[in-house]
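Quick notes on the structure that follows.
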Amino acid sequence: MNRSPKLILWFIILLFVQAFIFDPILLGIPYTPFVYVLLLIFIPNNWASWVVLLAGFFIGFCVDFIFFSGGVHTAASLLISFARPLFIRAIFSDAIAPQNLKLQQEPFGSLFRYVILVTVVHHFIVFAFVVGTIERIGWLLNTWLVNSLLTILAVAFILLLTRNSK
4 MNRSPKLILW
14 FIILLFVQAF
24 IFDPILLGIP
34 YTPFVYVLLL
44 IFIPNNWASW
54 VVLLAGFFIG
64 FCVDFIFFSG
74 GVHTAASLLI
84 SFARPLFIRA
94 IFSDAIAPQN
104 LKLQQEPFGS
114 LFRYVILVTV
124 VHHFIVFAFV
134 VGTIERIGWL
144 LNTWLVNSLL
154 TILAVAFILL
164 LTRNSK
């Protein structure tokens, strides 16, 4: 079964939601969930490493283009794409072969732990690049934790809405 049309649709929908619903300038608040992290989470595991890195770069670049953020989302998405095999092994260690892992078929608890891990690391990278100095560590920790929590809640909500009941 070809999943490309479904992936492209998810890409368009999540980028639209990120740009027009969860835009911090439109919301008027400094905190916003980065729901596009779902795109990084659901990159198929059977793709070659270079394709995963290219997809991560493209996803981050599109978000940077939308928010004029100077490459922080590209860097974070690329690093998450690079570290993906480590995250998968850490959370789904009982999986026989990571390339055969289908996240949609995993129990919600395991998937949620994976979402938390990817989100927390991704957001730390984004906000560490935004701050760029140790002098604003308080702002970094505050923004990182609040945005991570908002993203985890938004992603969990999206997963619960779109999850196939068995």
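In case it helps, this note's numbering puts the sequence shown at residues 4 to 169. Built from N, CA and C at the ideal position, the CB exists for glycine as well.
Report task. Decide yes or no for the touch test of the region 6-13 against the region 65-85: beta carbon pairs closer than 8 Å, at least 3 of them. Result -> Touching, no, given that fewer than three Cβ pairs across the two stretches are closer than 8 Å.
message: Considering Cα atoms alone, identify which of 149, 110, 109, 142 is closest to residue 123.
response: Of the candidates 149, 110, 109, 142, the one whose C-alpha sits nearest the C-alpha of residue 123 is 149.
**Message:** Threshold first: 4 residues or longer. Then list the alpha helix (DSSP H) segments lying entirely within the region 95-156, N to C.
**Reply:** Runs of the alpha helix (DSSP H) inside the region 95-156: 111-134.
_Please classify residue 118 as buried or exposed, where buried requires at least 16 neighbouring CB atoms within 10 angstroms._
Residue 118 comes out buried.
Open item on the list: For a test of the three-state rule: what should DSSP assign to residue 68, helix, strand or coil?
Closed with: Secondary structure at residue 68: helix, using DSSP grouped into helix, strand and coil.
(request) Determine the direct distance from the alpha carbon of residue 138 to that of residue 44, and round the result to whole angstroms. (result) The straight-line gap from Cα to Cα measures roughly 32 Å.
task: Count the other CB atoms, across all protein chains shown, that sit within 10 Å of the CB of residue 52; report buried if there are 16 or more and exposed otherwise.
output: With fewer than 16 neighbouring CB atoms inside 10 Å of its own CB, residue 52 falls in the exposed class.
Check: What residue does the alpha helix (DSSP H) around residue 45 start on, and which one ends it?
Finding: DSSP places residue 45 in no alpha helix (DSSP H); its state is neither H nor E.
- C-alpha gap between residue 134 and residue 7, whole angstroms: Answer to the nearest angstrom: the Cα atoms are 36 Å apart.
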